[in-house]
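Trainee: Plus 328 on top of the position in the sequence shown (first one is 1) and you've got my numbering. For each residue, glycine too, the CB sits at the ideal point set by N, CA and C.
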Amino acid sequence: MSENSYPKAFIGCNATIADTNLCTLDTCCLAQSSFLYRPNYAGNLFYTIFFAVFVLPQLALGIKYKTWTYMISVILGLGVEVGGYVARVMLHENPFNNDAFLAYLIMLTIAPVFLTAAIYVCLSRIIILYGEHLSPIRARTIAIAFMCSDSVALVLQAVGGALAETADTPDDQQTGTDIMIAGLLLQAISLCVFALAWAFFQSRVLRGPTDQTPDRIATRSRTLFKAFQCGLLLSTVLIIIRSIYRVLELWGGFSGSLWNDEVDFMVLDGAMISLAVVVMTVLHPGPAFGVQWIESSWSNNTTNDNIGARSNTIGTAVASRKEMEMDEFDRIEH
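(1) Considering only the alpha carbon of each residue, which of 423, 554 and 565 lies closest to residue 612?
(2) In this structure, how does DSSP classify residue 517 when only helix, strand and coil are distinguished?
(3) Have a look at residue 494 and residue 343 and give me their C-alpha separation to the nearest angstrom.
(4) Rounded C-beta distance between residue 504 and residue 512? I'm assuming under 8 Å.
(5) Thinking just about the alpha-carbon of each residue, which of 499, 339 and 508 is nearest to the one in residue 430?
(6) Does the distance between the C-beta of residue 585 and the nearest non-hydrogen atom of the ligand NAD fall short of 6 Å?
(7) What residues in its chain sit with their C-beta under 8 Å from that of residue 396, if we drop five residues either side in the sequence?
(8) Have a look at residue 615 and residue 592 and give me their C-alpha separation to the nearest angstrom.
(9) Where does residue 565 sit, in a helix, a strand or coil, going by DSSP?
(10) What residue range does the alpha helix (DSSP H) around residue 427 cover?
(11) Nearest-angstrom Cα distance between residue 562 and residue 421?
(12) Note down the Cα distance separating residue 331 from residue 354, rounded to an integer number of angstroms.
(13) Alpha carbon to alpha carbon, how far is residue 417 from residue 373? Give it in angstroms, no decimals.
(14) Please state whether the Cβ-Cβ distance between residue 375 and residue 598 is less than 7 Å.
(15) Determine the burial state of residue 347: buried for a count of at least 16 other Cβ atoms within 10 Å of its Cβ, exposed for fewer.
(16) Could you name each continuous alpha helix (DSSP H) segment of 4 residues or more that falls completely within the segment 504–561, going from the start of the chain to the end?
(17) Can you give the Cα-Cα distance for residue 549 and residue 444, rounded to whole angstroms?
(18) By the 10 Å Cβ neighbour count, where 16 or more other Cβ atoms means buried, how is residue 547 classified, buried or exposed?
(19) When you compare the CB positions of residue 510 and residue 552, do they come within less than 7 Å of one another, or not?
(20) Would residue 388 be called buried (16 or more neighbouring beta carbons within 10 Å of its own) or exposed?
(21) Using C-beta distances below 6 Å, list every residue in its chain close to residue 538, excluding the 5 sequence neighbours before and after it, in chain order.
(22) Do residue 518 and residue 477 have their beta-carbon atoms positioned less than 7 Å apart in this structure?
(23) Determine the DSSP secondary structure at residue 338, reduced to helix, strand or coil.
(24) Output needed for residue 447: all residues of its chain with C-beta closer than 7 Å, excluding positions within five of it in sequence on either side, in chain order.
(25) If you draw a straight line from the C-alpha of residue 489 to the C-alpha of residue 586, how long is it?
(26) When the Cα atoms are used, what is the spatial distance from residue 352 to residue 392?
(27) In chain order, what residues of the same chain have a beta carbon less than 7 Å from the beta carbon of residue 588, not counting five sequence neighbours either side?
(28) Rounded to the nearest angstrom, how far is the Cβ of residue 471 from that of residue 451, given a contact under 8 Å?
(29) Taking the alpha carbon of residue 576 as the reference point, which residue from 602, 620 and 516 has its own alpha carbon closest?
(30) What number of angstroms, rounded off, separates the C-alpha of residue 606 from the C-alpha of residue 340?
(31) Taking only three categories from DSSP, how would you classify residue 295?
(32) Counting along the chain, where does the alpha helix (DSSP H) carrying residue 374 start and finish?
(33) Taking the alpha-carbon of residue 345 as reference, which of 360, 337, 338 and 336 has the nearest alpha-carbon?
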């Protein structure tokens, strides 16, 4: 928001109304609401419909290819995004609706956490598809570690948002804001570490050797699978950009210029997450992996490892038995 538009938000302020929930656009100024602007109706309605529409292809692809964890994570993220933008549409009608503001603040802050959870699930399967021996840490452990980090970030953002909005004093509000910033920073750092871990794993892939199972070789060589990996990396970068923006936005406080500039929000939050959702839908892991999505799951990989271990044990036992028989045969001959 430009400096020339700031005074407009203070026109018509009413100091006699202590509870801003009782304010209306006729009785109070925008400076008594949570923003120094009135949320744009058309823009926020567009994002509401946009995220709602993408639930359908995610549901269809998830059911068709049985990518259950990915599907649930993305749809949860989309649902929370829809709820957040519905709240912003309500704030257009009544900028003084504190309940709508709280819903917006929490929902649009935590929604990308569910999208990153879906990304982490994909990495674990990529590792198994190339060969878990190439990773110094098991795929299951990596995914669980990142998901735990995401869960902590989600809790921090939700709790911080609730504290910031319901605070009775400026100090309490700042405490809530700081907790939100901590959650967003944790999310951004986790995504950066994820990108580095992926880059490290890909360097190991280049040095090989990779899993030589024919079906896995065929999947890895497909153009669609390579495009899917590029899309996953692009989605990660887009969410990192959004997370950094939200950190800077909250760092400046609710009276800061970033917080009170809706254009920045629509581009650096709404557009970044929208693009990430488009990429995560168009380059969906289902068509990219095919049947290997299920074959590369943790449970199947654990089962295969156990079968391999049992086979090695049986093979060793048979070899030992044959060696004993040969020794016995030599003893009888002599």
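Mentor: The structure says:
(1) Out of 423, 554 and 565, 554 has the C-alpha closest to the C-alpha of residue 612.
(2) If DSSP states are grouped into helix, strand and coil, residue 517 belongs with the helices.
(3) One Cα belongs to residue 494, the other to residue 343, and the distance between them is close to 20 Å.
(4) Going by Cβ atoms, the distance from residue 504 to residue 512 rounds to 13 Å, so no, they are not a contact pair.
(5) For the residues 499, 339 and 508, the minimum Cα distance to residue 430 belongs to 508.
(6) Although the ligand NAD was asked about, the structure shown includes no ligands whatsoever.
(7) Cβ-Cβ distances below 8 Å link residue 396 to 390 in the same chain, with the five nearest sequence neighbours on each side left out; the list follows chain order.
(8) Taking the straight line joining both Cα atoms gives about 35 Å.
(9) The answer is helix: DSSP assigns residue 565 an H, G or I state.
(10) Here the alpha helix (DSSP H) through residue 427 covers 426–458.
(11) Cα to Cα, the separation comes out at about 36 Å.
(12) Because residue 331 carries a pLDDT of 45, less than 50, the predicted location of this residue cannot be relied on, and the following value inherits that uncertainty. Approximately 24 Å between the Cα atoms of the pair.
(13) A straight-line Cα-Cα distance of about 6 Å links residue 373 and residue 417.
(14) Using a Cβ distance threshold of 7 Å, residue 375 and residue 598 count as a contacting pair.
(15) Flag for residue 347 reads exposed.
(16) Listed in chain order, the alpha helix (DSSP H) runs fully inside the segment 504–561 are 542–548, counting runs of at least 4 residues.
(17) A direct Cα-to-Cα measurement between residue 549 and residue 444 gives close to 26 Å.
(18) Classification for residue 547: buried.
(19) No; because the gap between Cβ atoms is not below 7 Å, this pair is not in contact.
(20) Residue 388 should be labelled exposed.
(21) Around residue 538: 458 and 459.
(22) Closer than 7 Å, so yes.
(23) Helix.
(24) If we look at residue 447 and ignore the five residues flanking it on each side, its Cβ neighbours are 560, 563 and 564.
(25) About 17 Å.
(26) Taking the straight line joining both Cα atoms gives about 49 Å.
(27) Here the set comprises 329, 363, 364 and 365.
(28) Taking the Cβ atoms as the reference, residue 471 lies roughly 7 Å from residue 451, within the contact range of under 8 Å.
(29) Considering only alpha carbons, the answer is 516.
(30) Cα-Cα distance, rounded: 43 Å.
(31) Look at the range of the chain in this structure, 329 to 662, and you will see that residue 295 is not part of it.
(32) Counting along the chain, the unbroken alpha helix (DSSP H) around residue 374 starts and ends at 369–381.
(33) Residue 360 holds the alpha-carbon nearest to the alpha-carbon of residue 345 among 360, 337, 338 and 336.
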